[in-house]
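Presented below is the structure to which this report refers.
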Amino acid sequence: MLASGDKPDIIQIGTDALEMKFTKSGLLLPLNASFDKTPNLQKFGADGIWDAMKHSDGNVYAIPIRGSAIDNIPIYRKDWLDKLGLKVPTTIDEYYAVADAFSNKDPDGNGKKDTYALSGWTANGGFDLSTSDQVFGAYGTLPNSWLLQDGKLVWGSIVPGALDALKFLNKMYKGKMIDPEFVTDNSARFKDKVLKGVIGAPVYRYFLMDSSNLNNYYEPLKQNNPNAEFVEGGILKGPGDSIGFRMLTRRGWLKTAVLNSSPHVDAALRVLDFLASDEGNKYMNYGEEGVDYKVEGDLLTKTITDDQMKQEGIGQLRLAFNALYDQTSPRYRELFDYAHKIGYKDPADGLVVENNTKQVELDQYTGQQYVKMIMSDGPIDNMFADYVKEWKKRGGDALTQAFNDAYQEKNKK
Amino acid sequence: METVHTYKREKPATKRLSRLRPIYKDRHLYLMLLPGLLFFVVFKYIPLYGIVIAFQDYDIFRGIRESEWVGWATFKEVFAYSDFWVILGNTLQISVYKILFGFPAPIVVALLLNELGNRYFKKYVQTILYLPHFISWVVISGIVLTIMSPTNGVLSILYEWFGMEPKNLLADPTAFRIILVASDIWKDLGWGTIIYLAALTQVDPSLYEAATVDGAGKWKQTWHITLPGIRNVIVLLLILRIGLLMNAGFEQILVMQNSAVLEVSEILDTFVFKFGLQQGNYSFATAVGLFNSAIALVLILGAQWISKKFGEEGLM
């Protein structure tokens, strides 16, 4: 489409890097300039989204997709806890005891050592470090996320707390509480293991517990084992100050923008304004009322299948995800609120610096070194020291400086 | 005298005509060649123009004509990447292993199949060997994960029989390379044998008869008749294979690699995918691609030169 020279009016962008590139080349239309003509759009991001999207020139060029600001919370197999006479852990030591029991005391009662407390997954060759956030959070850090210490941004992967957390994970790994496949499984296999009762105390999607099965987690779980039940946990108390679970960036994983060169700028803005309204949002996510979904009380139920939705084009160009889950089950809303309560907001969210590719590179390096330390047979203090030194050398120091500069700049205003 | 003169004057015209004559004679063949040539010009030669984006700060909306020229800056960025030389080393190492073990495998299998007496059994085996070629790497990686799984895989049962602790081999750097090479051989073994089996039918059967009369056994026959008979095909395929040295298996590695084995499995193609294409750095991706092609060209010309030295035909 792009190669044909026929430029679109509205485009959707995946990464921050691409957004920066297009903005630098002056390709995108500043949306805030016409906010008075698009009141719905203005309202859409009034609660902080526009702040996160604002560029150094004060303009907003793209609309991020809006949805749940957090995906993962700590969850525990309630039926296993009950069987073993344990409670939902509140401290890191209690977590260790639960993890040990889940892994080595045969909670599923089949006489085999085939259960684990924790696992993880790999996507695109990189290990997803958010899968052990409860342990890192207990030691006051989150890997591959920024922390605010004394008014300065510090990278959560290189602080001393991270070493303590890694030692804890290493001990868990040696005690067979972490699935040996934590690094080789992909997210589909991980999901499968959670739903089949191999993993009992992971950090995972809170929608797992929603009985309305909106994201298709609940029913498969019950199909595999009717007694299976998950319960949400809280932030674990560690030796120092604990922090919560990583929240997603408000910049979103998909951004919608209007091209400067478009001959139909007004029409494009009208479309986006409609999509940003409650009506448009519902229309894009669920389709037509009475045809594709029905409303009972304040609950919304889809009346067509996901495949039919796809065929009708529902959900193809949306600005918010599932209409912000407003119309689902009461349990869902409860979990949604709870997850947001225990979330940890990245203090650097919305800050964008040049050369974001560097961060991708450093994150990949971190994942690689962390996995080595978790799986290590010997002590890991020296490995961690080497990792920190190398991280800084590879551009971590420069990145930290760049982010701090951007942070100061933004807070000055 | 005059006749001679006339003859001389006409000579250039006749010569030109005589040059064109064979072309005219085979005009139908040339006509049939045309679509193939057109394919290469349109899809292979004209797109070469796109190489210039390696020297630009390429912007998809501005296009090739309006993007800014940056000279060798992108290449400097590529070579300055912390792990670039490790990645290049991985690419070569994995590829060399694949050639070392993967190249002779179909030859051996073809020789073995060739000796089979039962024609139906031979076809049967050949078909089974040939099937994995049509399975995508994503599926094969799923199969490998399932076999290798230390919790519920086939291998974990074997470990138990021998009373050993199951290990996650896919997270072991040494084992991972072996798995890469082995699964690659398994996938393309059958496909590779087809060409050799075809070449084997060209070997003159009377040579075997003569050898049998002279008292040569199967080994001697294979060594002195069969292998020399298909030598030119082997050399040709080896040259072509060496030209692909920089392609260490993008799809396979991308779906199978993980953080624990990243340092031995990151290759140029996966690197380009992650840092070039996924991040929208098309110039970066093109620069690495161009570097790749330059090395491949040197390799293929080198292999060609060596094969000529040994008196083989080669490609050109």
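Which chain is which? The protein sequence lines are D and R, in order. Okay, so the first sequence: first residue is 414 according to our numbering, each after it adds one. Okay, so the second sequence: first residue is 9 according to our numbering, each after it adds one. The beta-carbon is built from N, C-alpha and C at its ideal position, and this holds for glycine as well. Remember, it's a predicted structure, so these values are computed and weren't measured experimentally.
Could you name the residues of chain R that residue i contacts, counting a contact when the two beta carbons are closer than 9 Å?
{"i": "D:P556", "result": "Near D:P556 there are no residues of chain R at all, since even the closest Cβ is about 12 Å away, more than 9 Å."}
{"i": "D:V596", "result": "N176, L178, A179, N266, S267, A268 and V269"}
{"i": "D:D527", "result": "T159 and N160"}
{"i": "D:G539", "result": "N266, S267, L270 and K282"}
{"i": "D:V773", "result": "K282, F283, Q286 and Q287"}
{"i": "D:V784", "result": "A179, N266, S267, A268 and L270"}
Starting from the beta carbon of residue i, find every residue of chain D whose beta carbon is closer than 7 Å, and list them in chain order.
{"i": "R:T209", "result": "The contacting residues do not exist; R:T209 stays about 44 Å from chain D at best."}
Does DSSP put residue i in a helix, a strand or coil?
{"i": "R:E76", "result": "strand"}
{"i": "D:Q729", "result": "coil"}
{"i": "R:L173", "result": "Sequence check: residue 173 of chain R is Glu here, not Leu. In the structure shown, R:E173 sits in coil (DSSP, three-state: anything other than H, G, I, E or B)."}
{"i": "D:R659", "result": "strand"}
{"i": "D:A670", "result": "strand"}
{"i": "D:I483", "result": "coil"}
{"i": "D:D776", "result": "helix"}
{"i": "R:D65", "result": "strand"}
{"i": "D:R490", "result": "strand"}
{"i": "R:G71", "result": "helix"}
{"i": "D:E709", "result": "strand"}
{"i": "R:I275", "result": "coil"}
{"i": "R:E10", "result": "Residue placement at R:E10 is flagged as unreliable, the pLDDT there being 46, under the threshold of 50; the coordinate-derived value follows with that caveat. R:E10: helix per DSSP, three-state reduction."}
{"i": "D:M414", "result": "With a pLDDT of only 41 at D:M414, under the threshold of 50, the placement of this residue in the model should not be trusted; the figure read from the coordinates follows. The answer is coil: DSSP assigns D:M414 none of H, G, I, E or B."}
{"i": "D:V644", "result": "strand"}
{"i": "D:P477", "result": "strand"}
{"i": "R:Y15", "result": "Residue placement at R:Y15 is poorly supported in this model, since its pLDDT is 49, which falls under 50; the coordinates are not used for a value here."}
{"i": "D:Y630", "result": "coil"}
Using only alpha-carbon positions, find the residue among the options that is nearest to residue i.
{"i": "R:N240", "options": "R:Y204, R:A224, R:W227 and R:K226", "result": "R:Y204"}
{"i": "D:L688", "options": "D:L732, D:R490, D:V501 and D:G647", "result": "D:L732"}
{"i": "D:G809", "options": "D:I478, D:Y508, D:I571 and D:H468", "result": "D:I571"}
{"i": "R:D192", "options": "R:E259, R:A219 and R:S157", "result": "R:E259"}
{"i": "R:M297", "options": "R:S267, R:Q101, R:L252 and R:L235", "result": "The residue you asked about is not Met; residue 297 of chain R is Gly in the sequence shown. Out of R:S267, R:Q101, R:L252 and R:L235, R:L252 has the C-alpha closest to the C-alpha of R:G297."}
{"i": "D:K805", "options": "D:E774, D:Q821, D:P792 and D:I793", "result": "D:E774"}
{"i": "D:D654", "options": "D:G533, D:T503, D:A670 and D:G550", "result": "D:G550"}
{"i": "D:F448", "options": "D:R664, D:D679 and D:V611", "result": "D:D679"}
{"i": "D:Y778", "options": "R:L276, R:K317, R:A268 and R:G284", "result": "R:A268"}
{"i": "D:Y745", "options": "D:V704, D:D623, D:F658 and D:R479", "result": "D:D623"}
{"i": "D:F749", "options": "D:A482, D:K420, D:G553 and D:P502", "result": "D:A482"}
{"i": "D:T436", "options": "D:P421, D:M466 and D:D460", "result": "D:M466"}
{"i": "R:R73", "options": "R:E271, R:E85, R:W80 and R:I59", "result": "R:I59"}
{"i": "D:G613", "options": "D:L444, D:S469, D:L442 and D:Y529", "result": "D:Y529"}
{"i": "D:S789", "options": "D:K580, D:F643 and D:Q721", "result": "D:K580"}
{"i": "D:E642", "options": "D:Y474, D:K491 and D:Y699", "result": "D:K491"}
{"i": "D:I423", "options": "D:K434, D:I462, D:I476 and D:D527", "result": "D:I476"}
{"i": "D:G538", "options": "R:I102, R:L178 and R:H141", "result": "R:L178"}
{"i": "R:R185", "options": "R:I275, R:T159, R:L248 and R:Y128", "result": "R:I275"}
{"i": "D:Q425", "options": "D:P676, D:Y820, D:L672 and D:V765", "result": "D:L672"}
{"i": "R:I250", "options": "R:Y53, R:S103, R:P114 and R:Y38", "result": "R:S103"}
{"i": "D:A578", "options": "D:G439, D:A819 and D:F797", "result": "D:F797"}
{"i": "R:L305", "options": "R:Y89, R:M254 and R:L244", "result": "R:M254"}
{"i": "R:F109", "options": "R:L197, R:W231 and R:L208", "result": "R:L197"}
{"i": "D:G458", "options": "D:N445, D:K450 and D:S469", "result": "D:N445"}
Output, in chain order, the set of chain D residues within a Cβ distance shorter than 8 Å of residue i.
{"i": "R:E271", "result": "Q781"}
{"i": "R:R249", "result": "Within 8 Å Cβ-Cβ: nothing; R:R249 doesn't reach chain D, min ~26 Å."}
{"i": "R:L276", "result": "The premise fails here: R:L276 is roughly 14 Å from chain D at the closest Cβ pair, so nothing lies under 8 Å."}
Note down, in chain order, every chain R residue with its Cβ under 7 Å from the Cβ of residue i.
{"i": "D:T428", "result": "Q287 and G288"}
{"i": "D:T770", "result": "F283, Q287 and N289"}
{"i": "D:G693", "result": "Within chain R, no residue comes near D:G693; the closest Cβ sits about 27 Å away, beyond 7 Å."}
Would you list the one or two residues that DSSP bridges to residue i?
{"i": "D:F540", "result": "D:T535"}
{"i": "D:Y509", "result": "In DSSP, D:Y509 forms no bridge with anything."}
{"i": "D:I424", "result": "D:A670"}
{"i": "D:L441", "result": "D:L672"}
{"i": "D:L715", "result": "Reading off the sequence, residue 715 of chain D comes out as Lys, not Leu. Answer is D:Y706, bridged to D:K715."}
{"i": "D:T504", "result": "D:K650"}
{"i": "D:G756", "result": "D:F658"}
{"i": "D:Y529", "result": "D:I612"}
Anything in chain R within Cβ reach of residue i, meaning under 8 Å, just list it in chain order.
{"i": "D:R807", "result": "S90"}
{"i": "D:M788", "result": "A179 and A268"}
Cβ closer than 9 Å: which chain D residues qualify as neighbours of residue i?
{"i": "R:R70", "result": "S438 and L440"}
Task: alpha helix (DSSP H) runs wholly inside the stretch 90 to 167 of chain R, at least 4 long, in chain order - done: 92 to 110, 112 to 123, 127 to 138 and 145 to 156
Task: Entirely enclosed beta strand (DSSP E) segments - the stretch 542 to 622 of chain D, minimum 3 residues - done: 559 to 562, 565 to 568 and 616 to 618
Task: Residues in the stretch 48 to 80 of chain R having any Cβ partner in chain A nearer than 7 Å - done: Among the protein chains of the structure shown, namely D and R, there is no chain A.
Task: Length at least 4, wholly inside the stretch 243 to 287 of chain R: the alpha helix (DSSP H) runs in chain order - done: 258 to 264, 270 to 273 and 276 to 279
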